[in-house]
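As structure tokens, the structure follows; a few thoughts come after it.
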Amino acid sequence: ALAERLPAYARVILDNAPVLFGIALLENAYDETCRIEALPADRILAEEPALLEEANTRMPRILFDPLDVLVVDRIGKNISGDGMDPNITGTFMTPFASGGISANRVTVLDLTPETGGAALGMGMADTSTRRLFDKIDMEETYPNAITCTVLDFAKIPLILPNDREAIQCALRCAVGADRARPRIVRIADTLHVERLLISEALLDEARANPAVEILGEPAYLPFDNSGNLL
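If you read the sequence shown in the numbering used here, its first letter stands for residue 153, the second for the next number, and so on.
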């Protein structure tokens, strides 16, 4: 596993290359640098694990778990190397990693303009939209999946005509979901989870959590005449 091999590789490099020091950059949940630490070469192996643990505690998190459906508005390489960060969504494509929430179904609605058609990460979704599908550039997407050897990242999910049907299909296929009170969270992307939408079934949890501020009253999701979210 990488967790075991990377320190071993690092030790070989430090023992055989003229490394003077390393610089650790830690980010907070808002994608901002919050700490800069310089370590002499002889302290890297001893002190870097604690910095990694601190970085993990500062990652953004979705505070509702488990979910019937997680709706992600957009994915892209400018959001995460994986398109969407599985540390946030729990949608790991390899048995060698774990974490994040447990979502029965995930729907992804679109690609970011900045990703240039690179749709790596769509394989973590169960449903998606024709809008996303039409933007996929296979020549931009496949090399990344092949290089990392995790081909599932580039697999195409079930494609529905619009946002409404992609969400409805995900909920319809969420095994064990209470259709009258589904547990649904909608986020913009995995880099921005400070503001999110929750279904009414999660309101009591939100009210009981001091880390959550409720900013509005329950309302229906607004769709246009084509069935896409406004």
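Note that beta-carbon positions come from the ideal geometry of N, C-alpha and C, so glycine has one too.
Bear in mind the structure is a predicted one, so any value in this text is a computation, not a measurement.
Legend entry - Boundaries (first-last residue) of the alpha helix (DSSP H) holding LEU154: Along the sequence shown, one-based indexing puts residue 154 at 2. Taken as a continuous stretch (DSSP letters only), the alpha helix (DSSP H) holding LEU154 covers 154-168.
Inset, instruction - Measure from the alpha carbon of ALA162 to the alpha carbon of each residue in THR185, ILE196, GLU179, ALA277, then state which is nearest. - result: Translated into positions along the sequence shown, residue 162 becomes position 10. Checking every option, the nearest Cα to that of ALA162 belongs to ILE196.
Legend entry - Three-state secondary structure (DSSP) of ALA176: Looking up residue 176 in the sequence shown gives position 24. ALA176: strand per DSSP, three-state reduction.
Inset, instruction - Measure from the alpha carbon of GLY252 to the alpha carbon of each residue in LEU261, ASN239, PHE244, THR264, then state which is nearest. - result: Reading the sequence shown from its first residue, position 100 is the one you call residue 252. Ranking LEU261, ASN239, PHE244, THR264 by Cα distance to GLY252 puts ASN239 first.
Legend entry - Span of the beta strand (DSSP E) around LEU222: What you label residue 222 is simply residue 70 of the sequence shown in a count that begins at 1. First-last of the beta strand (DSSP E) with LEU222: 219-224.
Inset, instruction - Enumerate in chain order the residues of its own chain whose CB-to-CB distance from LEU323 is below 6 Å, with the five nearest sequence positions on each side excluded. - result: By one-based count along the sequence shown, residue 323 stands at place 171. Closer than 6 Å at Cβ, skipping near neighbours: VAL221, PRO334.
Inset, instruction - Go through the region 276-356 residue by residue and report every complete run of the beta strand (DSSP E) that reaches 3 residues or more, in order. - result: 279-281, 310-312, 336-339
Legend entry - The beta strand (DSSP E) enclosing ARG213, as first and last residue numbers: On the sequence shown, position 61 is the one that residue 213 refers to. Segment: none, ARG213 is in no beta strand (DSSP E) and carries neither H nor E.
Legend entry - Distance between HIS344 and LEU209 (C-alpha atoms, nearest Å): In the sequence shown, the residue the question calls residue 209 occupies position 57. In the sequence shown, the residue the question calls residue 344 occupies position 192. The sequence shown places Thr at residue 209, rather than the Leu named in the question. So the two alpha carbons sit approximately 16 Å from each other.
Legend entry - ASP356 versus LEU154: straight-line alpha-carbon distance, rounded: As a working mapping, residue 356 is identified with position 204 in the sequence shown. As a working mapping, residue 154 is identified with position 2 in the sequence shown. The alpha-carbon atoms of ASP356 and LEU154 are separated by roughly 40 Å.
Inset, instruction - State yes or no: is the C-beta of ALA198 within less than 8 Å of the C-beta of ILE175? - result: Translated into positions along the sequence shown, residue 198 becomes position 46. Translated into positions along the sequence shown, residue 175 becomes position 23. In this structure, ILE175 does not lie closer than 8 Å to ALA198 by Cβ.
Inset, instruction - Could you check the C-alpha separation between LEU261 and GLY269 for me, to the nearest Å? - result: Here residue 261 corresponds to residue number 109 of the sequence shown, with the count starting at 1. Here residue 269 corresponds to residue number 117 of the sequence shown, with the count starting at 1. Answer to the nearest angstrom: the Cα atoms are 14 Å apart.
Legend entry - Nearest candidate by alpha-carbon position, reference GLU192, set GLU179, VAL171, PRO309: In the sequence shown, the residue the question calls residue 192 occupies position 40. Looking at the sequence provided, one finds Pro at residue 192 rather than Glu. Checking every option, the nearest Cα to that of PRO192 belongs to VAL171.
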